[in-house]
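Chemist: This structure is in structure tokens; I'll ask about it shortly.
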Amino acid sequence: MASHLVDAYEKLLVDNISTVNTVESTIRNVTWFLPGRFADADVASEGLYALLSLVSSGHDALLEKRIPPSLSLPPHPFAPEPAVQESLFGAPPPASRVQPLLPPASEHRRYTRYWTDKSKVYRRASRTLQTVTYIELLLEMLIRRKLGDRARWRLVLSIEAFKSILRFILLLVTRRPVLTPPTPQREFDPAMIPQEKLKSQPPAALGKKMEDARPVIPEIGHRQPLRAHLYPLVASLPEAYQMHPLGLVPELCTAKEWLSEVLNSTTGLVQVLLFYYAMRNPKSKYRPASLPTLSTYFYPFLIPLAMQLVSRHFRAPTGDSTLLAEHYAKLDRRLATRFFLTGPMWVGWTRPKVMAVVRGLQRIPLIGLAGGLLEGYLPLVDEYYCE
Numbered sequence: 044m045a046s047h048l049v050d051a052y053e054k055l056l057v058d059n060i061s062t063v064n065t066v067e068s069t070i071r072n073v074t075w076f077l078p079g080r081f082a083d084a085d086v087a088s089e090g091l092y093a094l095l096s097l098v099s100s101g102h103d104a105l106l107e108k109r110i111p112p113s114l115s116l117p118p119h120p121f122a123p124e125p126a127v128q129e130s131l132f133g134a135p136p137p138a139s140r141v142q143p144l145l146p147p148a149s150e151h152r153r154y155t156r157y158w159t160d161k162s163k164v165y166r167r168a169s170r171t172l173q174t175v176t177y178i179e180l181l182l183e184m185l186i187r188r189k190l191g192d193r194a195r196w197r198l199v200l201s202i203e204a205f206k207s208i209l210r211f212i213l214l215l216v217t218r219r220p221v222l223t224p225p226t227p228q229r230e231f232d233p234a235m236i237p238q239e240k241l242k243s244q245p246p247a248a249l250g251k252k253m254e255d256a257r258p259v260i261p262e263i264g265h266r267q268p269l270r271a272h273l274y275p276l277v278a279s280l281p282e283a284y285q286m287h288p289l290g291l292v293p294e295l296c297t298a299k300e301w302l303s304e305v306l307n308s309t310t311g312l313v314q315v316l317l318f319y320y321a322m323r324n325p326k327s328k329y330r331p332a333s334l335p336t337l338s339t340y341f342y343p344f345l346i347p348l349a350m351q352l353v354s355r356h357f358r359a360p361t362g363d364s365t366l367l368a369e370h371y372a373k374l375d376r377r378l379a380t381r382f383f384l385t386g387p388m389w390v391g392w393t394r395p396k397v398m399a400v401v402r403g404l405q406r407i408p409l410i411g412l413a414g415g416l417l418e419g420y421l422p423l424v425d426e427y428y429c430e
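Per the working numbering, residue 44 is the first one in the sequence shown, and the count goes up by one each step.
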């Protein structure tokens with residue numbers, strides 16, 4: 044029964060892919076303008092965002108099976124050999140060329156897709172971790188409103204402990220740094236895929252046809268430098284002839300590199316435990332478990348910051364890995380963002396600067412709407428821990 048329902052939903056999705064994509068984009072844009080508009084607008088906005096993220100992930104999983112490999116690079120699109128027809132002057136017409144409809148898969152997608160297909164443990168752990176990331180802020184909002192701040196922190200502690208366990212599982216399976224996000228992400232607009240391609244036979248049935256096809260090679264002029272001949276052909280290679288996905292991220296070798304990943308995976312858990320310690324030894328009797336009160340303490344933020352800096356110092360060298368360099372750059376941006384948007388730095392320096400900008404914008408007609416939109420996000424930064 045369940046398989047029939049999935050098949051029926053998949054057929055409905057394929058038949059209306061353009062409409063579904065338009066609805067997803069519209070709802071995603073609406074969620075940006077909801078915070079601060081009315082009572083409980085932040086919960087409504089986060090609820091829509093979480094639901095949309097989960098539905099989009101399900102749609103991606105269903106469409107992945109139907110997307111022919113010939114639509115993107117890599118693998119390179121293959122075109123059948125055109126029939127040769129003599130023209131009036133006796134010369135055959137130029138061969139028709141097929142342009143890719145979808146962009147080539149990124150290194151992140153190739154790497155995460157490899158582990159998702161190879162390891163059932165990685166697939167389940169990574170998808171669970173990504174799902175928790177989608178819904179953690181919504182759960183924190185609901186528990187805080189219904190049960191109070193202390194219940195909220197018990198929930199956050201459970202979430203951080205669960206996420207740390209999942210990261211350890213991914214780390215042990217791959218023996219490589221855990222990328223963020225750990226699952227393949229959508230890198231193209233599904234509406235770009237023609238309906239006839241999605242409704243055609245699955246990619247596994249195209250193997251014989253692709254064996255009899257020839258690759259479309261870019262047209263290159265004569266007497267060009269060697270690199271002009273080689274560089275355009277690199278992206279035209281099928282994925283089987285490119286670097287193996289395991290070569291995109293180097294394996295962890297030394298104890299310091301493993302320590303770096305362990306520290307990076309447990310920073311959130313350590314910070315919540317420090318919040319618990321601060322709640323048991325409050326400096327103020329007024330709302331001792333609220334995040335604005337806890338943000339006046341230094342050690343719950345300085346100790347995790349020190350852990351992140353030590354983790355950064357012991358990182359595995361990137362070498363020639365562009366994917367690992369991008370991952371480390373993302374971690375550095377996240378570290379800088381949390382430094383300025385959490386704790387005493389946010390309360391004593393960043394927030395007053397943001398409020399000054401908001402007041403300045405609100406004095407200007409029309410542009411003041413942007414100031415109101417920015418002000419609507421301040422309670423999310425003030426009151427909630429999850430991102």
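By construction, the Cβ of each residue, glycine as well, lies at the ideal position given by its N, Cα and C atoms.
By how many angstroms is the C-alpha of L181 removed from the C-alpha of G90?
Modeler: Counted from its first residue, the sequence shown places residue 90 at position 47. Counted from its first residue, the sequence shown places residue 181 at position 138. So the two alpha carbons sit approximately 6 Å from each other.
Chemist: Can you tell me where the alpha helix (DSSP H) holding P335 begins and where it ends?
Modeler: Within the sequence shown, numbered from 1, the residue matching residue 335 stands at position 292. Here the alpha helix (DSSP H) through P335 covers 334 to 337.
Chemist: May I have the straight-line CA-CA distance separating I70 from L421, to the nearest angstrom?
Modeler: Working through the sequence shown from its first residue, we reach residue 70 at position 27. Working through the sequence shown from its first residue, we reach residue 421 at position 378. Whole-angstrom Cα-Cα distance: 22 Å.
Chemist: Quick check: what's the CA-CA separation for L409 versus L367?
Modeler: Counting from one through the sequence shown, the residue named residue 409 turns up at place 366. Counting from one through the sequence shown, the residue named residue 367 turns up at place 324. Cα to Cα, the separation comes out at about 43 Å.
Chemist: Between P227 and R156, which are expected to be in contact by the criterion C-beta below 8 Å, what is the C-beta distance as a whole number of angstroms?
Modeler: To locate residue 227, count along the sequence shown from 1; it is residue 184. To locate residue 156, count along the sequence shown from 1; it is residue 113. Correct: roughly 5 Å between the Cβ atoms.
Chemist: Apply the 10 Å Cβ neighbour rule to T380 and answer buried if 16 or more other Cβ atoms are within range, or exposed otherwise.
Modeler: Residue numbering aside, residue 380 sits at position 337 when the sequence shown is read from its first letter. Burial call: exposed.
Chemist: So for D300, helix, strand or coil by DSSP?
Modeler: For the purposes of this step, residue 300 is identified with residue 257 of the sequence shown, where counting begins at 1. The sequence given here has Glu at residue 300, not Asp. Correct three-state label for E300: helix.
Chemist: Since I believe D58 is in contact with R229 (beta carbons under 8 Å), could you give me their beta-carbon distance rounded to a whole number of angstroms?
Modeler: Start at 1 with the first residue of the sequence shown, and residue 229 comes out as number 186. Start at 1 with the first residue of the sequence shown, and residue 58 comes out as number 15. With a Cβ gap of about 20 Å, R229 and D58 do not count as contacting.
Chemist: Of the choices V401, L289, L295, A321, whose alpha-carbon is the least far from that of D160?
Modeler: Here residue 160 corresponds to residue number 117 of the sequence shown, with the count starting at 1. That would be L289, whose Cα lies nearest to the Cα of D160.
Chemist: Does DSSP put R140 in a helix, in a strand, or in coil?
Modeler: Residue 140 sits at position 97 when you count from the first residue of the sequence shown. Model confidence at R140 stands at a pLDDT of 43, short of 50, so the residue's coordinates are unreliable and nothing is read from them.
Chemist: I'd like to check one pair, P331 with M322: are the Cβ atoms closer than 7 Å?
Modeler: Sequence index remark: in the sequence shown, residue 322 carries index 279 (1-based). Sequence index remark: in the sequence shown, residue 331 carries index 288 (1-based). Yes, the pair counts as a contact, with Cβ atoms nearer than the cut-off.
Chemist: Does DSSP put M286 in a helix, in a strand, or in coil?
Modeler: One-based indexing of the sequence shown puts residue 286 at position 243. Of the three classes helix, strand and coil, the one that applies to M286 here is coil, per DSSP.
Chemist: Taking the C-alpha atoms as reference points, what is the distance between T176 and E239?
Modeler: The sequence position of residue 176 within the sequence shown is 133, counting from 1. The sequence position of residue 239 within the sequence shown is 196, counting from 1. Roughly 35 Å between the two C-alpha positions.
Chemist: Verify whether the separation of the beta carbon atoms of S333 and D425 is less than 7 Å.
Modeler: Along the sequence shown, one-based indexing puts residue 333 at 290. Along the sequence shown, one-based indexing puts residue 425 at 382. Taking 7 Å as the Cβ cut-off, S333 and D425 do not qualify as a contacting pair.
Chemist: On the premise that L417 lies in contact with F382, defined as a C-beta separation below 8 Å, what is that separation, rounded to the nearest angstrom?
Modeler: Here residue 382 corresponds to residue number 339 of the sequence shown, with the count starting at 1. Here residue 417 corresponds to residue number 374 of the sequence shown, with the count starting at 1. That pair is no contact at about 20 Å.
Chemist: V86: which of V66, L145, I186, V221 sits nearest, CA to CA?
Modeler: Taking the sequence shown and counting its residues from 1, one reaches residue 86 at position 43. The option with the nearest alpha carbon to V86 is I186.
Chemist: Would you tell me roughly how many angstroms separate the C-alpha atoms of L317 and G386, rounded to the nearest one?
Modeler: In the sequence shown, residue 317 corresponds to position 274, counting from 1. In the sequence shown, residue 386 corresponds to position 343, counting from 1. So the two alpha carbons sit approximately 13 Å from each other.
Chemist: Nearest to M286 by CA position, among G311, S364, P343, L306, is which residue?
Modeler: To locate residue 286, count along the sequence shown from 1; it is residue 243. Cα-wise, what sits closest to M286 is S364.
Chemist: For the stretch 396 to 411 against the stretch 63 to 83, do three or more pairs of beta-carbon atoms, one drawn from each stretch, fall closer than 8 Å, so that the two count as touching?
Modeler: Too few Cβ pairs lie closer than 8 Å, so no.
Chemist: Taking the straight line between their C-alpha atoms, what separation do you get for G362 and P220?
Modeler: Against the sequence shown, residue 362 aligns to sequence position 319. Against the sequence shown, residue 220 aligns to sequence position 177. Straight-line Cα distance between these residues: approximately 14 Å.
Chemist: Rounded to whole angstroms, what is the Cα-Cα separation between L423 and C429?
Modeler: Position 380 of the sequence shown holds residue 423. Position 386 of the sequence shown holds residue 429. For L423 and C429, the distance between alpha carbons rounds to 9 Å.
Chemist: Straight-line CA distance for L374 to S303?
Modeler: Mapped onto the sequence shown, residue 374 falls at position 331. Mapped onto the sequence shown, residue 303 falls at position 260. L374 and S303: Cα-Cα distance of roughly 12 Å.
Chemist: Here's a check: name, in chain order, each residue in its chain whose Cβ is nearer than 8 Å to the Cβ of L384, leaving out the five neighbours to either side.
Modeler: Here residue 384 is taken as the residue at index 341 of the sequence shown, counted from 1. Same-chain partners within the cutoff: T393, V424.
Chemist: By alpha-carbon positions, which one of L97, V216, A372 ends up nearest to E67?
Modeler: The count along the sequence shown starts at 1 and reaches residue 67 at position 24. It is L97.
Chemist: Cα separation between L306 and M350?
Modeler: As a working note, residue 306 is residue 263 in the sequence shown. As a working note, residue 350 is residue 307 in the sequence shown. Near 6 Å, if we compare the C-alpha coordinates of M350 and L306.
Chemist: Can you tell me the Cβ-Cβ gap for H370 and L222, rounded? I've got them flagged as a contact below 8 Å.
Modeler: Counting from 1 along the sequence shown, the entry for residue 370 is found at position 327. Counting from 1 along the sequence shown, the entry for residue 222 is found at position 179. Confirmed, Cβ separation roughly 5 Å.
Chemist: Name the residue from R188, K189, S169 whose alpha carbon lies nearest to the alpha carbon of S100.
Modeler: The count along the sequence shown starts at 1 and reaches residue 100 at position 57. Out of R188, K189, S169, S169 has the C-alpha closest to the C-alpha of S100.
Chemist: Buried or exposed for P360, going by 16 or more other Cβ atoms inside 10 Å?
Modeler: Within the sequence shown, residue 360 is the residue found at index 317, counting from 1. The residue in question, P360, is exposed, as its Cβ has fewer than 16 Cβ neighbours within 10 Å.
Chemist: Any idea if S201 is buried or exposed, counting beta-carbon neighbours within 10 angstroms, 16 or more meaning buried?
Modeler: As a working note, residue 201 is residue 158 in the sequence shown. S201 comes out exposed.
Chemist: What is the rounded straight-line gap between the Cα of S308 and the Cα of L95?
Modeler: For the purposes of this step, residue 308 is taken as the residue at position 265 of the sequence shown. For the purposes of this step, residue 95 is taken as the residue at position 52 of the sequence shown. Between S308 and L95, the C-alpha separation is close to 27 Å.
Chemist: Going by Cα to Cα distance, which pick from F81, P233, T310, V400 is closest to E107?
Modeler: Residue 107 sits at position 64 when you count from the first residue of the sequence shown. Ranking F81, P233, T310, V400 by Cα distance to E107 puts P233 first.
Chemist: Taking the alpha helix (DSSP H) that Y420 belongs to, which residues open and close that run?
Modeler: Counting from 1 along the sequence shown, the entry for residue 420 is found at position 377. Here Y420 belongs to no alpha helix (DSSP H), and DSSP marks it neither H nor E.
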